[in-house]
Amino acid sequence: MSLLQANLRTRLTVLYASLLGAALLLYAGGVSIFFLRNLREQLDLSLHRDVETVEGALSEDGDGGLQISSREGEADEDDLDRGYLLEVWSANGRLLYRSEQLRGQPLGPVPTGSAESNRQHAHSVLLASGMRLRSISHVHHLADGNTVIVRLAVSEEHLWHEFWEMVTVLGVGLPVIVILVAFTGYLVAARALKPVDSMAQRAAQITAEQLSERLHIENPNDELGKLGVAFNTTLARLERSFDQLRRFTADASHELRTPLTAIQSVGEVSLKMPGDVSYYRDKIGSMLEETSRLTQLVDSLLTMARADSGHVQLHKAEINLFDLVEETVGLLEVLAEEKHQSILIDGDRSTLVTADRTILRQALVNLLHNAVKYSPEHGDIRLRIREREHDAIVAVEDSGPGIAPEHRTRIFERFYRVDRSRTRAAGGAGLGLSIAQWAVSAHGGTIEVQSESGCGSIFRICLPKHVSPVGVR
Amino acid sequence: VEDEIKIGNAVSEGLRAEGYEITWAQTGEEGFFHASSQGFDLIVLDVMLPGRDGIEVLQTLRKQGSKTPVLLLTAKDAIEDRVLGLDAGADDYLVKPFAFAELTARLRALLRRNKPEPGGVLSIATLEIDPIKRIVNRKGHRIDLTAREFELLEYLARNHGRVVSRQMLARDVWQETDRATPLDNVIDVHIARLRRKMDDPFETKLLHTVRGVGFTLSEDNS
Numbered sequence: 171m172s173l174l175q176a177n178l179r180t181r182l183t184v185l186y187a188s189l190l191g192a193a194l195l196l197y198a199g200g201v202s203i204f205f206l207r208n209l210r211e212q213l214d215l216s217l218h219r220d221v222e223t224v225e226g227a228l229s230e231d232g233d234g235g236l237q238i239s240s241r242e243g244e245a246d247e248d249d250l251d252r253g254y255l256l257e258v259w260s261a262n263g264r265l266l267y268r269s270e271q272l273r274g275q276p277l278g279p280v281p282t283g284s285a286e287s288n289r290q291h292a293h294s295v296l297l298a299s300g301m302r303l304r305s306i307s308h309v310h311h312l313a314d315g316n317t318v319i320v321r322l323a324v325s326e327e328h329l330w331h332e333f334w335e336m337v338t339v340l341g342v343g344l345p346v347i348v349i350l351v352a353f354t355g356y357l358v359a360a361r362a363l364k365p366v367d368s369m370a371q372r373a374a375q376i377t378a379e380q381l382s383e384r385l386h387i388e389n390p391n392d393e394l395g396k397l398g399v400a401f402n403t404t405l406a407r408l409e410r411s412f413d414q415l416r417r418f419t420a421d422a423s424h425e426l427r428t429p430l431t432a433i434q435s436v437g438e439v440s441l442k443m444p445g446d447v448s449y450y451r452d453k454i455g456s457m458l459e460e461t462s463r464l465t466q467l468v469d470s471l472l473t474m475a476r477a478d479s480g481h482v483q484l485h486k487a488e489i490n491l492f493d494l495v496e497e498t499v500g501l502l503e504v505l506a507e508e509k510h511q512s513i514l515i516d517g518d519r520s521t522l523v524t525a526d527r528t529i530l531r532q533a534l535v536n537l538l539h540n541a542v543k544y545s546p547e548h549g550d551i552r553l554r555i556r557e558r559e560h561d562a563i564v565a566v567e568d569s570g571p572g573i574a575p576e577h578r579t580r581i582f583e584r585f586y587r588v589d590r591s592r593t594r595a596a597g598g599a600g601l602g603l604s605i606a607q608w609a610v611s612a613h614g615g616t617i618e619v620q621s622e623s624g625c626g627s628i629f630r631i632c633l634p635k636h637v638s639p640v641g642v643r
Numbered sequence: 003v004e005d006e007i008k009i010g011n012a013v014s015e016g017l018r019a020e021g022y023e024i025t026w027a028q029t030g031e032e033g034f035f036h037a038s039s040q041g042f043d044l045i046v047l048d049v050m051l052p053g054r055d056g057i058e059v060l061q062t063l064r065k066q067g068s069k070t071p072v073l074l075l076t077a078k079d080a081i082e083d084r085v086l087g088l089d090a091g092a093d094d095y096l097v098k099p100f101a102f103a104e105l106t107a108r109l110r111a112l113l114r115r116n117k118p119e120p121g122g123v124l125s126i127a128t129l130e131i132d133p134i135k136r137i138v139n140r141k142g143h144r145i146d147l148t149a150r151e152f153e154l155l156e157y158l159a160r161n162h163g164r165v166v167s168r169q170m171l172a173r174d175v176w177q178e179t180d181r182a183t184p185l186d187n188v189i190d191v192h193i194a195r196l197r198r199k200m201d202d203p204f205e206t207k208l209l210h211t212v213r214g215v216g217f218t219l220s221e222d223n224s
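Chains as they are written, first to last, in this note's numbering: chain A, 171 to 643; chain B, 3 to 224.
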């Protein structure tokens, strides 16, 4: 399993451990270099002091040789690491003195050129024997005016020993720290990610049949909690739409079954009965009536299904609302006339909306159809068109029995009928208002009902007002 | 061309009874074979067919230069489906389930296409309708009708002797294309009023309701 496929916990741990390791490595490197520099500086300081001491002890011995009055501090045979090593050259490149312990190995090349050019700051020298030294070159003027070049060196072995000791401590400690931290991190990550596991397990158990289950959330404010809350909200929405769908399917099949049953029973019964042509004609006619009812129902269902799937394209145009209302009234007024009802239209004749005429008219037709259906004989139906700042309102007021509060919120539901016992012949399939509601909301509008039992109902359609194109006069 | 045996049977039987000569094909291939080998006056083509579907058959026919009028039958009535069918070269479009009366009316319309509607006075028994002056007389008595009633009567008269369904009236007289619109009651009221004006005062009734199907204007009383 490659690292990318490993679980989040491992990935996080590895990532953090590597970051920590890299940071510590940088730090340890920095510290080591600093430490080495420090050690060298100390060494250089003592070199300078030693040079001064040695120079103080130098003098000439009459015949051009060199006299060293004190050898205190010079390295001795058994301990090369302590004490200094010395080399003294004359300005013309003649070796005047060399510590025995150097065993003939030079501390540097034979000095050439002017004496001054042989002055050197402290620097490291590697002897042929493999020994590392810190060396310094000084130009010293003897009392008699002769110039000598003094090279002094001390062993660096001790310094390196200290340095490597330090590096070893760091080198051993660093992986230990990284491993410890990684392990702890792994445990902590396990704790932090535990809710994910339990959420995943729980989510896996939730099926269409158990949508009421919810995830358990420990802390709704942390990231995982938010994820859980979002998941639960989605579940809630899913549950709602599943419920709606289930109810819709149940209702739809009930509505479809009723005319089917009628067709079947009429057919079966009339097949058994001996009858004349007119009897059979009548029976077949009655079956056909049910068929056309079925057809209408299926058409309404199709309209709804299409609306649900968002497949309906609105062909929007600028529409005069008053004209549309008048047209709708013109279509249905015969029904009102039959019941001696009067339909009144009032309001602004110039209100414009942007809408799909056919679809919006369907909403109006359905509302007005209901108003006529539920208003009593000689009742009044009033259609008002009003304009507000941002929207246009059509109100359809009937003088019917009104809608009791417990039904009011549900009348827009599909197949919902206030009076369940109302026959389909009089009541339709209970889809009219749902279709109206869809038609209005497809235009970005809302539909609401205001009603009191016994005082009629008012259905209001609010639509966004037509906005005239800017810059056109 | 129709693969559903019941529908195919009913349609061919009904059309034969109307005096048409019928060849019934049950698959797209068969239909295409007949259509390209015989000269038909009219083709009724189902869209959902096994194998080659109706739209394909139609497109191939049109590509071959066939000009036979084609009426598409389909269960899909979304606007896109209609557009698809008409674009493929169909002359008309009928959505299932359909009233047989409507099918025959559409077929007649396709057959008389390009022939102008007779402009003269329509007379059925004692009823006389002048479509230009928009005057209706019966036995010399002038009958006053509203515009809608007149259109309704004219439509019935033009289809006289045949049954006209509510759906046909909704579409052709009320120009209402959406079948979900509740117009049945409206149509019934208009029919009742028309009947009151033109039939009630007279002994012979002309306007009949055919239960479950629609209405017919006919001197025959069956």
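Glycine included, each C-beta is placed from N, C-alpha and C at the ideal position.
Taking only beta-carbon atoms, is B:His36 less than 8 Å away from chain A? Locating residue 36 of chain B in the second sequence gives position 34, counting from the first residue. No, its Cβ sits nowhere closer than 8 Å to a Cβ of chain A.
*Which same chain residues, not among the five before or five after A:Ser623, have their C-beta less than 6 Å away from its C-beta?*
Mapped onto the first sequence, residue 623 of chain A falls at position 453. Excluding positions up to five away in sequence, the list reads Gly572 and Ala574.
Query raised in the report: Can you tell which of A:Gln275, A:Leu303 and A:Ser229 has its C-alpha closest to the C-alpha of A:Arg252?
Result: The residue given as residue 252 of chain A occupies position 82 in the first sequence. When each option's Cα is compared against that of A:Arg252, the closest is A:Leu303.
Cβ-based burial, B:Glu82 [other Cβ within 10 Å; buried from 16]: By one-based count along the second sequence, residue 82 of chain B stands at place 80. Classification for B:Glu82: exposed.
| request: To the nearest angstrom, report how far apart B:Leu105 and B:Leu74 are at their CA atoms. | output: Against the second sequence, residue 105 of chain B aligns to sequence position 103. Against the second sequence, residue 74 of chain B aligns to sequence position 72. Using only the alpha carbons, I get a separation of about 10 Å.
With 16 as the cutoff for other CB atoms within 10 Å, does A:Asp262 come out buried or exposed?
Translated into positions along the first sequence, residue 262 of chain A becomes position 92. The identity of residue 262 of chain A in the sequence shown is Asn, whereas the question assumes Asp. Per the 10 Å Cβ criterion, exposed.
Review point. At a Cβ threshold of 8 Å, is A:Leu505 touching chain B?
Key: Walking along the first sequence from the start, residue 505 of chain A turns up at place 335. For A:Leu505, the answer is yes, since a Cβ of chain B falls inside 8 Å of its Cβ.
**Asked** the segment 531 to 548 of chain A: which residues have C-beta closer than 8 Å to a C-beta of chain B, in chain order?
**Response** Gln532, Val535, Asn536 and His539
(request) Taking only the alpha-carbon atoms, compute the straight-line gap between B:Ser167 and B:Val191 and give it to the nearest angstrom. (result) Indexing the second sequence from 1 puts residue 167 of chain B at position 165. Indexing the second sequence from 1 puts residue 191 of chain B at position 189. Spanning the two alpha carbons is a distance of roughly 15 Å.
| request: Compare the Cα-Cα distances from A:Phe401 to each of A:Val495, A:Ser411, A:Arg384 and A:Arg416 and report the closest residue. | output: Taking the first sequence and counting its residues from 1, the one referred to as residue 401 of chain A is at position 231. If we check each option's Cα against that of A:Phe401, A:Arg384 comes out closest.
Relative to the alpha-carbon of A:Pro634, which residue among A:Arg519, A:Ile628 and A:Arg558 has its alpha-carbon at the smallest distance? Mapped onto the first sequence, residue 634 of chain A falls at position 464. Here the closest residue by C-alpha is A:Arg558.
**Q.** the segment 79 to 95 of chain B: positions lying closer than 9 Å to chain A by Cβ
**A.** Asp79, Ala80, Ile81 and Glu82
Who are the Cβ neighbours of B:Leu51 in its own chain at under 7 Å, not counting the five residues just before and after it?
-> The sequence position of residue 51 of chain B within the second sequence is 49, counting from 1. Same-chain partners within the cutoff: Val3, Asp5, Thr29 and Gly30.
query: Does B:Val166 come within less than 8 Å of chain A when only Cβ atoms are used?
result: Taking the first residue of the second sequence as position 1, residue 166 of chain B is located at position 164. By this cut-off, B:Val166 is not an interface position.
Does the beta carbon of A:Thr428 sit closer than 8 Å to a beta carbon anywhere in chain B? Within the first sequence, numbered from 1, the residue matching residue 428 of chain A stands at position 258. Not closer than 8 Å to any Cβ of chain B, the Cβ of A:Thr428 fails to qualify, so no.
Give me the Cα-Cα distance between A:Glu459 and A:Ile617, rounded to the nearest whole angstrom. Within the first sequence, residue 459 of chain A is the residue found at index 289, counting from 1. Within the first sequence, residue 617 of chain A is the residue found at index 447, counting from 1. Whole-angstrom Cα-Cα distance: 33 Å.
Task: A:Ala562, DSSP secondary structure in three states - done: In the first sequence, residue 562 of chain A corresponds to position 392, counting from 1. Residue state, collapsed to three classes: strand.
Based on Cα-Cα distance, which residue from A:Arg321, A:Val588, A:Glu503 and A:Thr524 lies nearest to A:Leu265?
-> By one-based count along the first sequence, residue 265 of chain A stands at place 95. Measuring from the Cα of A:Leu265, the nearest candidate turns out to be A:Arg321.
* With DSSP run on the structure shown, which of helix, strand or coil describes A:Leu266? -> Counting from one through the first sequence, the residue named residue 266 of chain A turns up at place 96. Residue state, collapsed to three classes: strand.
Give a yes or no on whether 8 Å exceeds the smallest Cβ distance from A:Leu458 to chain B. Taking the first residue of the first sequence as 1, we reach residue 458 of chain A at position 288. It does: the Cβ of A:Leu458 has a partner Cβ on chain B nearer than 8 Å.
Of the residues A:Glu286, A:Glu326 and A:Val566, the one placed nearest A:Thr317, counting alpha carbons only: As a first step, residue 317 of chain A is located in the first sequence; it is residue number 147 there, counting from the start. Closest option to A:Thr317, Cα to Cα, is A:Glu286.
Problem - Span separating the alpha-carbon of B:Leu219 from that of B:Glu153 - result: The residue you call residue 219 of chain B lines up with position 217 of the second sequence. The residue you call residue 153 of chain B lines up with position 151 of the second sequence. For B:Leu219 and B:Glu153, the distance between alpha carbons rounds to 13 Å.
Check your understanding: Does DSSP put B:Thr211 in a helix, a strand or coil?
Key -> Translated into positions along the second sequence, residue 211 of chain B becomes position 209. Reduced to three states, the DSSP call for B:Thr211 is strand.
Which of the residues in the segment 207 to 222 of chain B, read from start to end, lie with their CB under 8 Å from any CB of chain A?
-> Val212, Arg213, Gly214 and Val215
query: Quick one: is A:Phe204 buried, meaning 16 or more other Cβ sit within 10 Å of its Cβ, or exposed?
result: As a first step, residue 204 of chain A is located in the first sequence; it is residue number 34 there, counting from the start. By the neighbour-count rule (16 or more Cβ atoms within 10 Å), A:Phe204 is not buried but exposed.
Can you confirm whether B:Val49, when its beta carbon is compared against all beta carbons of chain A, has any partner nearer than 8 Å? The sequence position of residue 49 of chain B within the second sequence is 47, counting from 1. By this cut-off, B:Val49 is not an interface position.
Note to self: In this structure, how does DSSP classify B:Thr229 when only helix, strand and coil are distinguished?
What the structure shows: The question about residue 229 of chain B has no answer here: the residues shown for chain B are numbered 3 through 224.
Within chain B, partners of A:Gly455 - CB distance below 8 Å | The sequence position of residue 455 of chain A within the first sequence is 285, counting from 1. What A:Gly455 touches in chain B: Val212, Arg213, Gly214 and Val215.
Q) Can you tell me the Cα-Cα spacing of A:Arg584 and A:Leu357, whole angstroms? A) Within the first sequence, residue 584 of chain A is the residue found at index 414, counting from 1. Within the first sequence, residue 357 of chain A is the residue found at index 187, counting from 1. Each residue's alpha carbon lies about 54 Å from the other.
#### Entry: Minimum Cβ-Cβ distance from A:Leu502 to chain B less than 8 Å
The residue you call residue 502 of chain A lines up with position 332 of the first sequence. It does; some Cβ of chain B falls within 8 Å.
Inset, instruction - May I have the straight-line CA-CA distance separating A:Leu312 from A:Gln237, to the nearest angstrom? - result: As a working mapping, residue 312 of chain A is identified with position 142 in the first sequence. As a working mapping, residue 237 of chain A is identified with position 67 in the first sequence. Going from the Cα of A:Leu312 to the Cα of A:Gln237 covers about 11 Å.
message: Is there a Cβ of chain A sitting closer than 8 Å to that of B:Val188, yes or no?
response: Within the second sequence, numbered from 1, the residue matching residue 188 of chain B stands at position 186. Interface residue, yes.
Taking DSSP as the reference, what is the three-state secondary structure of A:Gly226?
The sequence position of residue 226 of chain A within the first sequence is 56, counting from 1. In this structure, A:Gly226 counts as helix in the three-state DSSP scheme.
*asked:* Just to confirm the assignment: which complete beta strand (DSSP E) runs, minimum length 3, are found wholly within the segment 519 to 567 of chain A?
replied: 522 to 526, 550 to 557 and 561 to 567
Under a three-way DSSP split, which group does A:Asn402 fall into?
-> The residue labelled residue 402 of chain A in the question sits at position 232 within the first sequence. Note: A:Asn402 maps to helix in three-state DSSP.
* Determine the direct distance from the alpha carbon of A:Arg417 to that of A:Ala378, and round the result to whole angstroms. => By 1-based counting over the first sequence, the position of residue 378 of chain A is 208. By 1-based counting over the first sequence, the position of residue 417 of chain A is 247. Between A:Ala378 and A:Arg417, the C-alpha separation is close to 15 Å.
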